[in-house]
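Encoded as C-alpha cells, the structure appears first; notes follow it.
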Amino acid sequence: MDEINNDRLPLGQSGWAASTSCLVPTRGRDGQQASAETALMEAINAVLAHGASSSPAHGPRKDGGSIVVLLKRGCLKSLRAPSVLCRAADYAGQVLHFLLGFVMKRPDHLLQVAEVFNILLSSDEWLQHLRPNGDGGLVVQELLSLSSEQQAALGMQNDELLAMMSPEVAQLAHDQPSRLLQDAGQVRMELEKIRSGLGEGGLRFKSSVQELRFEPSYRSGLASKEAELPCAKPRVGEKVEVFSNSVQRWCPGFVEKVSRTEVTIAFQLPNARANEWSKKSLALGHSELRWVSRAPGSPMPSAGSTLDSKRATTKPASGFFGTSLPTNWAPEEVQLYDSLFAELEGLVCGPNENGMDPLASAQLDYIAQSGLPRRALREIWQVANPHLRASLGLEEFRACCRLVGHCQAMSTQSEDDKELRQLRAGGGGLRAHLRSSCLAEPAPRLADFSQPKKLPCSNCACRVRARDIWLWVKKRYPKWTLVHGTKD
Numbered sequence: 001m002d003e004i005n006n007d008r009l010p011l012g013q014s015g016w017a018a019s020t021s022c023l024v025p026t027r028g029r030d031g032q033q034a035s036a037e038t039a040l041m042e043a044i045n046a047v048l049a050h051g052a053s054s055s056p057a058h059g060p061r062k063d064g065g066s067i068v069v070l071l072k073r074g075c076l077k078s079l080r081a082p083s084v085l086c087r088a089a090d091y092a093g094q095v096l097h098f099l100l101g102f103v104m105k106r107p108d109h110l111l112q113v114a115e116v117f118n119i120l121l122s123s124d125e126w127l128q129h130l131r132p133n134g135d136g137g138l139v140v141q142e143l144l145s146l147s148s149e150q151q152a153a154l155g156m157q158n159d160e161l162l163a164m165m166s167p168e169v170a171q172l173a174h175d176q177p178s179r180l181l182q183d184a185g186q187v188r189m190e191l192e193k194i195r196s197g198l199g200e201g202g203l204r205f206k207s208s209v210q211e212l213r214f215e216p217s218y219r220s221g222l223a224s225k226e227a228e229l230p231c232a233k234p235r236v237g238e239k240v241e242v243f244s245n246s247v248q249r250w251c252p253g254f255v256e257k258v259s260r261t262e263v264t265i266a267f268q269l270p271n272a273r274a275n276e277w278s279k280k281s282l283a284l285g286h287s288e289l290r291w292v293s294r295a296p297g298s299p300m301p302s303a304g305s306t307l308d309s310k311r312a313t314t315k316p317a318s319g320f321f322g323t324s325l326p327t328n329w330a331p332e333e334v335q336l337y338d339s340l341f342a343e344l345e346g347l348v349c350g351p352n353e354n355g356m357d358p359l360a361s362a363q364l365d366y367i368a369q370s371g372l373p374r375r376a377l378r379e380i381w382q383v384a385n386p387h388l389r390a391s392l393g394l395e396e397f398r399a400c401c402r403l404v405g406h407c408q409a410m411s412t413q414s415e416d417d418k419e420l421r422q423l424r425a426g427g428g429g430l431r432a433h434l435r436s437s438c439l440a441e442p443a444p445r446l447a448d449f450s451q452p453k454k455l456p457c458s459n460c461a462c463r464v465r466a467r468d469i470w471l472w473v474k475k476r477y478p479k480w481t482l483v484h485g486t487k488d
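In the UniProt record's numbering, the protein residues as written are 1 to 488.
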C-alpha cells in the first residue's frame with residue numbers, strides 16, 4: 001500500500017477521489033469528465049513506462065501496485081464503453097505480460113488481477129491474443145508457469161481461457177476447494193451482476209483504490225427511501241477513516257462498536273496483513289475520525305446523536321473479512337493434526353450429559369491437555385474458530401493446534417516478560433498477536449497434548465480437571481447443585 005500512496009503516478013487533467021465510485025469520475029481541472037478511454041490509456045501508458053524502466057539507467061523498478069489500481073479504474077469505467085477495450089487491444093501483449101509478472105511477484109493480489117483479467121478478456125480482441133493462432137506465445141507461457149490454483153483463479157474469469165488450460169486446472173476451477181478459488185468465483189459473479197445491471201439506470205460501485213478489493217455497492221436510482229435519508233447516528237459496520245499517530249496517516253476502517261459518547265474503530269495500518277487489525281476508541285465528532293461513507297453536507301455523528309437511540313446492530317461492511325484460516329499447512333502438521341481430529345471424532349458416541357456438543361466437548365478436553373492457561377486457550381479457540389461454530393471442523397482444528405504450538409513455544413522459549421504476561425492474561429492483546437503473528441506461520445514445534453494442567457493442590461499426583469470434578473459433584477449431589485447453580 002505504501003507504493004500506491006507514495007509512488008502515485010500523475011493523473012494528468014483527470015482527477016479522482018478515492019471515496020467516489022469508479023464509474024463516476026470527479027471533474028478534472030479543465031472541468032470535463034474523464035472518459036473511459038482516457039482512464040484506460042492512462043493505465044496502459046503507465047504499464048509501458050513501467051516496462052521501459054527495467055533498464056539499469058532507471059534503477060530498480062517497483063512491483064507495480066499503483067499501476068494495477070490504474071488498470072482497475074480504466075477497466076471498470078470501460079464497462080460502460082466496450083468499444084474502448086477494442087481500440088486498446090494493440091497493447092494486449094504488454095498489459096497481460098505486466099499483470100502476470102505482477103502475480104508472480106505479489107501472489108497475494110491475485111484476486112485484483114483476476115478482476116482486470118475478467119474485464120479485459122470480455123473483449124474478443126484481447127482474448128484473441130491468447131488463442132493458439134494469436135501472437136501471445138510468451139504471455140501464454142507465463143500464464144502456464146503459474147501454480148495450478150493461480151491458473152484456475154484467472155481461468156474462472158473467462159470460459160474460453162479456462163478451456164485452454166489443463167484438465168487438472170479445470171477441475172480445480174469447478175470444485176473450488178480453497179477459499180481463494182471461492183473468492184475468485186465471487187469476483188466473476190459480481191462482475192456479471194454489474195454487466196447485467198448497466199441497462200437498468202446504471203450501476204455504481206465503490207472505488208477499490210483504498211483496499212485493493214472489488215466491492216459491489218448499490219444500483220443508482222434504485223436505492224430505498226431509507227437509504228436516501230441522511231442519518232447522523234453512527235452504525236456498526238459503517239466505513240470510516242481514522243488518523244494513526246504512529247504512522248501519521250489516515251487509515252481505512254469501520255465502526256466496530258457504538259456507545260453513547262464514543263465509537264470503537266477497527267482499522268488497518270499500511271502494510272498490515274489481511275487479517276491484522278488495530279483498534280481505537282474515539283469520541284463522536286473527534287478530529288481524528290472521518291465518516292467517508294457519508295455524502296458531503298449530510299449530518300455527521302456527534303456526541304448527542306445516540307443518546308435516544310439503541311445501539312446499532314447492522315452487520316459489518318461487506319468489504320471487511322474476519323480472520324482467514326491459513327492454507328500453508330506443513331506436511332507434519334497435516335499428518336498429526338488430521339489424525340488427532342479423526343481420533344476425537346471416533347470417540348464421540350452420543351449426546352453429552354452436560355448439554356454441550358459432544359465433539360466440541362471432546363475437543364475442549366483434549367486441547368486442555370496442552371498445559372496452557374485457560375485464558376490463553378479461550379483466545380486460541382476464538383481465533384481458530386472465526387465462524388463461531390459449536391465444534392471445530394478440520395481446518396479450524398488444524399489452526400487451533402498450530403496456535404497451541406506457538407503458545408507452548410512462547411511459554412518455554414520466550415525471554416520477553418511481556419509475552420509471558422500476555423499469555424497468562426489472555427484478552428484482546430493475545431488474540432491480536434495470535435491473529436497477526438502466529439496464525440499464518442507454522443509453529444516452531446508441533447503442539448504437545450501430553451501435559452495436563454495441574455490444579456493447585458498439595459497432592460502432586462492430582463491431575464484431574466476442574467470440569468471433571470464439577471460433573472462428578474453434579475452427578476453425586478444433584479440437590480446441592482440445584483441450589484448452588486450449574487456453572488463451571
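Just so you know, even glycine gets a beta-carbon here, dropped at the ideal spot from N, CA and C.
Excluding sequence positions up to five before and after Q176, its CB lies within less than 6 Å of the CB of Q182, G185, all in the same chain and listed in chain order. In the DSSP assignment, E241 forms a beta bridge with P252, R290.
Membership of E168 in any beta strand (DSSP E) is not indicated; the residue belongs instead to the alpha helix (DSSP H) covering 167-175. In this structure, the alpha-carbon of A39 lies about 26 Å from that of C251. In this chain, the beta strand (DSSP E) harbouring T264 covers 262-267. Note that the C-beta distance between R131 and G65 is not below 9 Å. Within its own chain, the residues whose Cβ lies closer than 6 Å to the Cβ of Q422, once the five positions on either side in sequence are excluded, are G429, L430, listed in chain order. The straight-line gap separating the alpha-carbon atoms of V348 and V69 is approximately 51 Å. Comparing C-alpha distances from E149 to each of S166, E160, V139, F102 shows the shortest one belongs to S166. For the pair S324 and A360, the CB atoms are not nearer than the 9 Å cut-off.
Rounded to whole angstroms, V113 and V103 show a C-alpha spacing of 7 Å.
Around the beta carbon of R374, fewer than 16 other beta carbons sit within 10 angstroms, so the residue counts as exposed. The shortest CA-to-CA distance from F449 to any of G371, H406, Q413 is the one to G371. Shortest Cα-Cα distance from A283 to any of V258, G426, S78, E276 involves V258. The continuous alpha helix (DSSP H) containing A152 extends over residues 148-155.
DSSP places K418 in the uninterrupted alpha helix (DSSP H) bounded by 417-425. DSSP places A432 in the helix class (H, G or I) of the three-state scheme. Checking the DSSP bridge columns, you'll see L282 partnered with V263. K193 carries a helical assignment under DSSP once its states are collapsed to helix, strand and coil. Taking a C-beta distance under 9 Å as the contact criterion, F117 and Q171 do not qualify as a contact pair. Taken atom to atom, the span from the alpha-carbon of E168 to that of L111 is near 20 Å.
Secondary structure at K72: helix, using DSSP grouped into helix, strand and coil.
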